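In terms of full-length UniProt numbering, the sequence shown opens at residue 1 and continues consecutively.
The beta carbon of each residue, even a glycine, is placed where N, CA and C say it ideally should be.
Given the structure is predicted, the values throughout are model-derived calculations rather than measurements.
Okay, so here's the structure we're looking at.
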Amino acid sequence: TENIKIEDRNSVTDMSMDEKPNESNNKSGNKQKIKPNSFQDGCYSSSFTKELSLNQQIDNKHCKFRLYAVVVHSGNCDFGHYFSFIRARKDCWYKFDDLSVEECNISDVIEIGSAGIENSSAYILI
1 TENIKIEDRN SVTDMSMDEK PNESNNKSGN KQKIKPNSFQ DGCYSSSFTK ELSLNQQIDN
61 KHCKFRLYAV VVHSGNCDFG HYFSFIRARK DCWYKFDDLS VEECNISDVI EIGSAGIENS
121 SAYILI
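In C-alpha cells form, the structure reads like this:
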C-alpha cells in the first residue's frame, strides 16, 4: 500500500491509497475523519508570472517555489482542450500538445498561460 502525505499550513495527514477518501490513520492506528474541503484555508491564489512570491500568504519566509510545469486549459467551461508546458532545464521549456512537442521559452509559457493567446489560462502550476 502506497501512502501519500497531504499538507496544508496547519496540519499534515498521512493517508493510505486504498483507504476511503474521507478517512485516514492517526498515530495510534485508529481511523479518523478528514473534513471535506478542510484544506481550503491552505490554498493560495497568485498572479501567474515567472517569479512567484507568497511571502504575504505564508508565514515561513524560507518557502521557495520553482516552476517546473504548467497545465493549461484552452476554451471555456463547456468545451476545451488541455496541454502542458514542462521545464527540461533552467531556460528550456517544451510545450506538449497531443502529438506535437515544441521547444519554447518562459515568456511563451507566461503569455499563453495568462490568457494571452487562444482563450487559454494556466490551470495547474507544478
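Spatially closest choice to residue i from the options, by CA coordinates
| i | options | result |
| --- | --- | --- |
| Lys90 | Arg66, Tyr123, Val71 | Arg66 |
| Tyr94 | Ala69, Asn76, Leu125 | Ala69 |
| Glu102 | Asp78, Phe83, Leu125 | Phe83 |
| His81 | Ile126, Ala88, Asp98 | Asp98 |
| Ile126 | Cys104, Ala115, Val109, Cys77 | Val109 |
Residues bridged to residue i [DSSP beta-bridge criterion]
| i | result |
| --- | --- |
| Asp97 | Ser100 |
| Gly113 | Note: Gly113 sits in no beta bridge, so no partner. |
| Ile124 | Val71 |
Exposure label - residue i; buried when at least 16 CB within 10 Å
| i | result |
| --- | --- |
| Ile112 | buried |
| Ser100 | exposed |
Distance between beta carbons of residue j and residue i, contact taken as under 8 Å
| i | j | result |
| --- | --- | --- |
| Ile106 | Phe96 | Ile106 to Phe96, Cβ: 16 Å. No contact. |
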